[in-house]
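What follows is a set of notes on a single structure, which appears directly below.
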Amino acid sequence: MSVLLDILGSVGMWEAVLRIATPLIFGTLGVLLCERVGVLNLGIEGIMTFGAMVGWLTVYSGGDLWLGMLAAALGGAVFGLLHAVLTVVFGLSQHVTGLGITLFASSFSYYVFRLAVPTSSSPPTVEPFRAYPVPGLSEIPVLGPILFTQTAPTYLALALVAVLAYGLYRTPLGLAMRMTGENPHAVDAQGIDPIRLRIGTIMAGSALMGMGGAFLTLAAFNSFFPTMVQGRGWICVALVVFALWRPGRALLGALLFAFFDAFQLRLQTVVDGVPYQLFLMLPYVLSILALIAMARRARVPQALMQPYRRGER
Amino acid sequence: MRFERREHPSASLTLLAPIGAVLAALVVAGLLIAIAGANVFEAYGLILKGAFGSRLGFSETLTRATPLILTGLAAAVAFRARLWNIGGEGQFYMGALAVAGFGMIPALAGLPAPLVILLCLIAGAVAGMILLLLPLGLRLKFGVDEVVTTLLLNFVAVLFVSLMIEGVMKDPLAFGWPQSVPVPREAELPKLMARTRLHAGLVIAVVMALAVWWLQARTVFGLRSRAAGLNPRAAAFAGVPLGRTLVAVACLSGGLAGLAGAIEVMGVKGYVTTDLSPSYGYSGIVIAMLANLNPIGVIGAALFSAVMFVGADSMSRALGIPSYIADVTVALSLLTMLVALFLTQYRIRR
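Top line first, the protein sequences correspond to chains A and B.
For what it's worth, the numbering used here labels the leading residue of the first sequence as 665, then goes sequentially.
For what it's worth, the numbering used here labels the leading residue of the second sequence as 4, then goes sequentially.
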């Protein structure tokens, strides 16, 4: 029992929570945006992989860390555009298209990575984002090190939650976006083109997914290796349901999730006799449980997965 | 620009769609090869030579196609009923693990080989079924979307395999490598060609494709599963028992994916590791779509993927192009196939 308290009492553990949560926050916000305008984006797993690779590659070839984040965002947006053209313009199955994007984006990332680094026993590293203590605030006892001694992309992720929460609920654009996810015909009647809005939003959401991937190689770790995203994208898709499609709850979900992850990582080192695989299963099992818990309460955007064609019902 | 639905999509266009899709994917992949600095035609020539040029290459291609036919069928039967089984990868591993576990039963030793093989195949299929019935149960009971749950269960399944092969099923003779105890000799599938890895699993896979075709085209179950996919509400009104149909579809789909894993262990590897599958489960989704969910077409699509994978391996050794180009081409052909199918159903008008 005292072991558990030791873990929960350590500042390192709580600091890790926010770090682990960051890629999930980016990814969950990305999925949330896409689904709010009515499009499921299962491309996330591949887009995160591509973001991780291209972010790393940019910095590895001499670019600045923020240039790496930007490259990941742009790369994400390009794959988002592809997804949007196929699902919004052509109205193809969002499930299958998303999976196709994931398979394509991840194998393409591995291909480019292997071209850049033909043979390597240990993947080459880059100098990652350092923790940036916010002047003044980081000196607050306990809270300072936990909240205000993170890397810059983590602050960005937190700021994005606020921006999206405000944008979706307090601006005309946000209203139009939410309406597009509920009833695109009504949006069209208002003189707003739901197709353009969907394309733009999917690109923005996919850019966030790319940045979430880049956080993995540029802040959480310092190198890229295949299969490193490890289902984080799928977890984000589950977190959006848990969040009931609200940015604030998405943050809560990501933090809760990261808490369990940080906790199990530390528990592994102190608990003997329990196979480590059981601990590693925890994130995936928790995601499934979160889906079950929320399935009844979930109010899915009404037009989710329904292609919109003008003049067709 | 607008799209107009064709009243009667022509049969020849529908047949041409996968060919056009594959060609388009090959053109894009060719660009990637060219960017990498190799001669595209030489690269594709080497891929074909690697896949067909020798007895060994040809047998490898067929060996590689075997699990792909089965995972492709698994996805095709599920997608037809709009059951989004993306868990083929996990079901494949559970099927493989079940065979290794089943083989540990001492009573098997005295039985005749055909019986042992049959029992092992059933064990693998049942394990795959169970892993798919779980998320289907969650969908029917709580309304949880099975796409995400089947995807997440893939990771759980591989970790479970890792847990077992480093634990109770660990091979004590494997010098500490995490691999399962080997399957008993009686459970090994007979070889089809001497001195190659090609085994009788290919026959099982082709027979399964024919059986699935028959089930879908000639039985009440086939009609019901199609109706459930096309329009569940209308199907329910017409008296199709949706829940029961989906359970049957899940048993078939999960069973086929589990069978793929079982056959891979019994025919090729002989034991289970966590890298048994180079994402056969996910490739199955591409193959099902390329085949337009047609079970006979699955055989052709699986062959195409196998040619790419086997050929790219040998091309990669010769030209230094990363063999991931095969994965890129196969994934691309899924996207191009979606567009090709769209063009068969719609006309573009100015």
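From the three backbone atoms N, C-alpha and C, an ideal C-beta is built for every residue, glycine too.
Every value quoted in this text rests on a predicted model; they were computed, and no experiment measured them.
Where the beta strand (DSSP E) through residue i begins and ends
{"i": "B/Arg8", "result": "5–8"}
{"i": "B/Arg200", "result": "No beta strand (DSSP E) holds B/Arg200; DSSP gives it neither H nor E."}
{"i": "B/Ile351", "result": "349–352"}
Beta-carbon spacing of residue i, residue j below 8 Å
{"i": "B/Pro187", "j": "B/Leu279", "result": "no"}
{"i": "B/Ala212", "j": "B/Leu71", "result": "no"}
{"i": "B/Ile290", "j": "B/Ile89", "result": "no"}
{"i": "A/Met945", "j": "B/Leu137", "result": "no"}
{"i": "B/Val271", "j": "B/Ile168", "result": "no"}
{"i": "B/Leu114", "j": "B/Glu189", "result": "yes"}
{"i": "B/Leu155", "j": "A/Trp898", "result": "yes"}
{"i": "B/Gly284", "j": "B/Thr64", "result": "no"}
{"i": "A/Ile866", "j": "A/Val703", "result": "yes"}
{"i": "B/Pro298", "j": "B/Val164", "result": "no"}
{"i": "B/Gly127", "j": "B/Val102", "result": "yes"}
{"i": "A/Thr686", "j": "A/Ala907", "result": "no"}
{"i": "B/Leu255", "j": "B/Val43", "result": "no"}
{"i": "A/Gly755", "j": "A/Met873", "result": "no"}
{"i": "B/Ala68", "j": "B/Ala253", "result": "no"}
is_contact[residue i, chain B] using C-beta, thresh 8 Å
{"i": "A/Phe906", "result": "no"}
{"i": "A/Arg960", "result": "yes"}
{"i": "A/Tyr775", "result": "yes"}
{"i": "A/Pro687", "result": "no"}
{"i": "A/Val949", "result": "yes"}
{"i": "A/Pro939", "result": "yes"}
{"i": "A/His849", "result": "no"}
{"i": "A/Ser870", "result": "no"}
{"i": "A/Pro782", "result": "yes"}
{"i": "A/Ala902", "result": "yes"}
{"i": "A/Ser771", "result": "yes"}
{"i": "A/Thr813", "result": "no"}
{"i": "A/Val760", "result": "yes"}
{"i": "A/Ile956", "result": "yes"}
{"i": "A/Gly691", "result": "no"}
For residue j and residue i, believed in contact at Cβ under 8 Å, the rounded distance
{"i": "A/Ser770", "j": "A/Glu709", "result": "7 Å"}
{"i": "A/Ile684", "j": "A/Asp925", "result": "5 Å"}
{"i": "A/Phe888", "j": "A/Phe777", "result": "6 Å"}
{"i": "B/Leu135", "j": "B/Gly60", "result": "Their Cβ separation, rounded to whole angstroms, is 34 Å, which puts B/Leu135 and B/Gly60 out of contact at 8 Å."}
{"i": "B/Ala304", "j": "B/Ala315", "result": "In fact, because the Cβ distance is near 17 Å, the residues do not count as touching under 8 Å."}
{"i": "A/Val681", "j": "A/Ala884", "result": "Not confirmed; about 13 Å, so no contact."}
Buried or exposed (CB count within 10 angstroms, at least 16 for buried), residue i
{"i": "A/Ser785", "result": "exposed"}
{"i": "A/Val904", "result": "buried"}
{"i": "A/Trp720", "result": "buried"}
{"i": "A/Asn705", "result": "buried"}
{"i": "A/Leu953", "result": "exposed"}
{"i": "A/Pro817", "result": "buried"}
{"i": "B/His11", "result": "exposed"}
{"i": "A/Ala823", "result": "exposed"}
{"i": "B/Ile38", "result": "exposed"}
{"i": "B/Pro244", "result": "exposed"}
{"i": "B/Asn234", "result": "exposed"}
{"i": "B/Trp217", "result": "exposed"}
{"i": "B/Glu149", "result": "buried"}
{"i": "A/Ala826", "result": "exposed"}
Residue span of the alpha helix (DSSP H) that contains residue i, given as start and end
{"i": "A/Arg974", "result": "Per DSSP, A/Arg974 belongs to no alpha helix (DSSP H) and is neither H nor E."}
{"i": "B/Arg320", "result": "298–322"}
{"i": "B/Tyr274", "result": "Premise fails: B/Tyr274 is in no alpha helix (DSSP H) and is neither H nor E."}
{"i": "B/Leu133", "result": "Looking at the sequence itself, residue 133 of chain B is Ile, so the reference to Leu does not match. Note, B/Ile133: alpha helix (DSSP H), 116–145."}
{"i": "A/Ile899", "result": "896–906"}
{"i": "A/Met841", "result": "836–846"}
{"i": "A/His759", "result": "758–780"}
{"i": "B/Glu189", "result": "Segment: none, B/Glu189 is in no alpha helix (DSSP H) and carries neither H nor E."}
{"i": "A/Asp925", "result": "911–934"}
{"i": "A/Leu801", "result": "Counting along the chain, A/Leu801 falls outside any alpha helix (DSSP H), and DSSP gives it neither H nor E."}
{"i": "A/Asp670", "result": "666–673"}
{"i": "B/Ile266", "result": "245–267"}
Neighbour flag for residue i against chain A, beta carbons, 8 Å
{"i": "B/Val25", "result": "no"}
{"i": "B/Asp330", "result": "yes"}
{"i": "B/Tyr47", "result": "no"}
{"i": "B/Met172", "result": "no"}
{"i": "B/Ala39", "result": "yes"}
{"i": "B/Gly323", "result": "yes"}
{"i": "B/Ser165", "result": "yes"}
{"i": "B/Ala334", "result": "yes"}
- At a Cβ cut of 7 Å, what residues of the segment 883–899 of chain A count as close to chain E, listed as they run along the chain? Included in the structure are the protein chains A and B, with no chain E among them.
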